[in-house]
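These notes concern the structure reproduced below.
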Amino acid sequence: PPPAHCVAIDLGASSGRVLSATVSADALTLVELHRYPNLPVRVAGSLEWDVLYLYREALEGLRRARQVHGPVDSIGVDSWAVDYGLIAEDGRLIGNPVHYRDLRTAGAADAVFERLPRQILYERTGIQHLPFNTVFQLAASLDAPAMQIARELLLVPDLFNYWLTGVRTAEYTNATTTGLVDAHTRTWSPEILATLAGVARLLPEIVDPGTVLGALRPEVQESTGLDASSRVVCVGSHDTASAVVGVPAEGEGFAYISCGTWSLVGLELTRPVLTDASRRANFSNEGGVDATTRFLRNVMGLWLLQESVRSWQAAGQTVDLAALIGSAATQPGHRSLIDPDDIRFLPPGDMPSRIREYCAETGQPQPATQAAVVRCILDSLALAYRRTVRQAAELSGTDVSVVHVVGGGARNGLLCQLAADATGLPVLAGPVEAAAIGNALVQARAIGAINGHLSDLRRISSTAEPVTRFRPSGQERDWAAAEARIYG
Ligand code: ADP
Ligand code: LRH
Numbered sequence: 003p004p005p006a007h008c009v010a011i012d013l014g015a016s017s018g019r020v021l022s023a024t025v026s027a028d029a030l031t032l033v034e035l036h037r038y039p040n041l042p043v044r045v046a047g048s049l050e051w052d053v054l055y056l057y058r059e060a061l062e063g064l065r066r067a068r069q070v071h072g073p074v075d076s077i078g079v080d081s082w083a084v085d086y087g088l089i090a091e092d093g094r095l096i097g098n099p100v101h102y103r104d105l106r107t108a109g110a111a112d113a114v115f116e117r118l119p120r121q122i123l124y125e126r127t128g129i130q131h132l133p134f135n136t137v138f139q140l141a142a143s144l145d146a147p148a149m150q151i152a153r154e155l156l157l158v159p160d161l162f163n164y165w166l167t168g169v170r171t172a173e174y175t176n177a178t179t180t181g182l183v184d185a186h187t188r189t190w191s192p193e194i195l196a197t198l199a200g201v202a203r204l205l206p207e208i209v210d211p212g213t214v215l216g217a218l219r220p221e222v223q224e225s226t227g228l229d230a231s232s233r234v235v236c237v238g239s240h241d242t243a244s245a246v247v248g249v250p251a252e253g254e255g256f257a258y259i260s261c262g263t264w265s266l267v268g269l270e271l272t273r274p275v276l277t278d279a280s281r282r283a284n285f286s287n288e289g290g291v292d293a294t295t296r297f298l299r300n301v302m303g304l305w306l307l308q309e310s311v312r313s314w315q316a317a318g319q320t321v322d323l324a325a326l327i328g329s330a331a332t333q334p335g336h337r338s339l340i341d342p343d344d345i346r347f348l349p350p351g352d353m354p355s356r357i358r359e360y361c362a363e364t365g366q367p368q369p370a371t372q373a374a375v376v377r378c379i380l381d382s383l384a385l386a387y388r389r390t391v392r393q394a395a396e397l398s399g400t401d402v403s404v405v406h407v408v409g410g411g412a413r414n415g416l417l418c419q420l421a422a423d424a425t426g427l428p429v430l431a432g433p434v435e436a437a438a439i440g441n442a443l444v445q446a447r448a449i450g451a452i453n454g455h456l457s458d459l460r461r462i463s464s465t466a467e468p469v470t471r472f473r474p475s476g477q478e479r480d481w482a483a484a485e486a487r488i489y490g
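Heads up: the sequence shown is residues 3 to 490, going by the UniProt record's numbering.
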């Protein structure tokens with residue numbers, strides 16, 4: 003078949019982007035059509051996503067796709083996980099989706115655990131405990147007026163698919179992040195839903211990635227210039243699921259770090275690990291494309307850096323990210339270290355102050371300059387990667403010989419080198435837009451332009467962008483000491 007033009011709408015927590023991929027059996031080329039900031043809004047005591055802005059700019063991306071390629075073959079949407087919109091009887095969105103970093107979930111998990119112990123919840127779903135899992139967001143808002151008039155709940159990419167096509171579904175990989183899907187049956191868990199009055203009736207049927215949803219609504223055709231020949235495909239709509247498809251790994255035995263706002267650190271497995279040890283280490287078994295398991299943990303990620311930059315800019319300081327990473331590289335290593343997953347770092351706010359507080363509490367020097375703060379963040383992330391890669395390997399009985407870093411963090415050479423040093427493994431960095439690539443590859447396969455297993459898709463992904471190799475520089479003792487210092 004001739005190469006297919008597939009458009010990926012990839013909504014990250016820090017930016018939305020629309021890319022077109024030209025995909026054939028032996029090559030993928032990527033063109034960025036549009037990129038726009040994703041800035042949540044604090045409004046009336048709540049932190050919300052500006053989802054109509056994100057949608058309008060996605061349409062702008064589709065318009066540009068039409069200009070560049072003419073009619074495109076297919077379109078797919080992926081986004082950050084767990085958040086959702088509620089749809090009323092008349093098909094319209096009720097309010098903005100609430101941001102997972104909103105504080106409404108405080109205490110909600112305990113209310114769920116009173117009805118279903120956390121061990122059972124884990125045995126059923128295999129999902130790590132994060133305070134913002136959809137199950138807890140719902141528990142926190144069961145009495146909200148919006149819930150009373152809601153007829154359907156759609157996760158963010160499913161909401162976009164609905165707006166684009168009129169078809170309402172729940173895509174499997176993202177559905178697993180809700181904490182409502184049984185990992186054994188791969189469908190909504192009646193047992194968990196019994197703890198959330200009125201939620202079961204809101205959930206659409208789960209569909210697998212690769213399902214063709216259909217044509218664009220006439221209004222979307224009109225505003226983008228595309229026609230009914232462009233088909234919307236359900237991809238691995240969790241951005242991390244698409245990013246894992248886009249990891250250009252050869253063979254097995256690889257770990258991945260999907261490195262953007264979050265760092266999702268883990269392995270691809272053929273079945274979930276639902277042991278108590280895995281629960282205690284807070285590992286997730288998220289659903290992957292082709293019924294794989296994404297055995298991973300959330301590490302707080304470049305959020306710490308993004309929020310630090312935001313604080314400095316708000317205080318009138320200028321920040322040049324490349325220069326800052328350059329000066330962080332000349333700072334002494336391991337001087338001040340944090341556990342990036344400490345819950346104090348989750349909500350938006352003044353990260354440099356929180357980091358200094360953490361260091362003061364743990365008797366470490368408080369990083370004073372921008373460069374020292376950045377070095378502390380990057381050292382600490384690398385240390386968390388070391389620990390997480392090793393735990394993932396041990397908990398699943400897997401040998402890991404290489405670590406792939408994909409996402410925006412693959413552009414951070416210092417972080418990639420520290421990750422190689424900390425894990426003691428070679429790091430292969432890139433592609434930056436792995437999520438868009440994985441998104442496009444699943445589309446291309448669904449419409450018959452390519453075929454094969456994930457390994458075949460990965461071989462095609464590897465043609466998109468050269469990867470950069472970082473070799474570990476043999477500092478095992480230093481990193482082991484750092485690990486003992488922070489994690490005991
Ligand atoms: P998300 O998908 O969560 O929105 P991305 O994968 O786009 O995140 O990654 C964004 C992050 O990538 C930024 O916060 C920044 O730390 C990092 N990044 C992007 N470009 C560069 C660059 N040129 N140099 C260093 N880091 C970069
Ligand atoms: C990364 C991500 C991650 C989720 C978080 C909410 O963008 O999807 O996998 O845990 O956002």
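Where is the CB? At the ideal position from N, CA and C, for every residue including glycine. Because the structure is a prediction, the values reported are computed rather than measured.
For residue j and residue i, the rounded distance between their alpha carbons
i           : j      : result
PRO42       : ASP52  : 6 Å
residue 505 : TRP264 : Outside the shown range of the chain (3 to 490) lies residue 505, about which nothing can therefore be said.
ALA370      : TYR102 : 30 Å
ALA484      : HIS336 : 7 Å
SER143      : LEU123 : 19 Å
ASP480      : ILE488 : 13 Å
GLU363      : MET353 : 15 Å
GLY128      : GLN69  : 44 Å
THR272      : GLU288 : 12 Å
PRO274      : ALA185 : 7 Å
PRO433      : ALA466 : 8 Å
ARG471      : SER191 : 43 Å
LEU350      : LEU306 : Residue identity differs from the one stated: residue 350 is Pro in this sequence, not Leu. Approximately 9 Å between the Cα atoms of the pair.
GLY47       : SER313 : 21 Å
TYR57       : ALA27  : 31 Å
ILE452      : THR213 : 15 Å
PRO334      : THR189 : 50 Å
ALA10       : GLU50  : 24 Å
GLU224      : TYR55  : 18 Å
ALA199      : CYS8   : 40 Å
ARG389      : VAL267 : 10 Å
VAL169      : ARG447 : 21 Å
residue 494 : GLU193 : Nothing about residue 494 can be read from this structure; the chain reaches only from 3 to 490.
VAL33       : ALA437 : 14 Å
Contact check, residue i vs residue j, beta carbons under 8 Å
i      : j      : result
GLY181 : THR136 : yes
LEU298 : PHE285 : yes
VAL235 : ARG296 : no
VAL209 : THR171 : yes
ASN176 : HIS240 : yes
SER398 : LEU269 : yes
PRO131 : ALA111 : It is worth fixing the name first, because residue 131 is His in this sequence and not Pro. Yes, these two residues count as a Cβ contact at 8 Å.
ALA148 : GLY97  : yes
GLY238 : GLY410 : no
VAL402 : VAL249 : no
GLY18  : GLU59  : yes
PRO342 : LEU383 : yes
VAL100 : ARG106 : yes
Beta-carbon proximity list for residue i, same chain, < 7 Å, skipping 5 on both sides
i      : result
PRO73  : LEU228, ASP229, SER231, SER232
LEU35  : VAL20, LEU21, SER22, GLY63, ARG66, ALA67, VAL70
ARG203 : none
LEU155 : TYR86, LEU88, LEU204, LEU205
TRP165 : TYR57
Same chain, Cβ closer than 6 Å to residue i, five either side skipped, listed in chain order
i      : result
TYR360 : ILE340
GLU309 : MET353
THR31  : THR24
LEU157 : TYR86, ASN176
SER280 : LEU397
CYS418 : VAL407, VAL429, ALA431, PHE472
Whole-angstrom C-beta distance between residue j and residue i, which should lie under 8 Å
i      : j      : result
ALA6   : ILE439 : With 8 Å as the limit, ALA6 and ILE439 do not qualify as a contact, their Cβ atoms being about 14 Å apart.
ASN163 : VAL84  : At roughly 17 Å, the Cβ-Cβ gap does not stay under 8 Å, so ASN163 and VAL84 are not in contact.
VAL375 : ILE327 : Not really, about 12 Å apart at Cβ, beyond 8 Å.
LEU118 : THR197 : 5 Å
Same chain, Cβ closer than 8 Å to residue i, five either side skipped, listed in chain order
i      : result
VAL405 : PHE256, ALA257, TYR258, ILE259, TYR387, VAL391, ALA421, ALA422, THR425, LEU427, PRO428, VAL429, LEU430
CYS378 : ARG337, SER338, LEU339, ILE340, ILE357, CYS361, PRO369
GLN393 : ALA283, PHE285, ARG299
GLU478 : GLY426
Any non-hydrogen atom of the ligand ATP within 7 Å of residue i CB
i      : result
ASP210 : In the structure on display, the ligand ATP does not appear, and the ligands it does have are the ligand ADP and the ligand LRH.
Exercise. Where are the beta strand (DSSP E) runs, 3 residues long or more, that stay fully inside the region 32 to 107, in chain order?
Worked result: For the region 32 to 107, whole beta strand (DSSP E) runs of length 3 or above, ordered along the chain, are 43 to 45, 48 to 50, 76 to 81, 86 to 90.
Problem set entry | Whole beta strand (DSSP E) elements within the region 253 to 297, 3-residue minimum | Runs found: 256 to 261, 265 to 271, 286 to 289.
Exercise. What residue ranges within the region 161 to 225 form continuous beta strand (DSSP E) runs of no fewer than 3 residues, ordered along the chain?
Worked result: Fully enclosed beta strand (DSSP E) runs of no fewer than 3 residues occupy 214 to 217 of the region 161 to 225, in order along the chain.
Exercise. Which whole runs of the beta strand (DSSP E) in the region 387 to 421 are 3 residues long or more, in chain order?
Worked result: Considered as a whole, the region 387 to 421 harbours 404 to 408 as its complete beta strand (DSSP E) runs of no fewer than 3 residues, in chain order.
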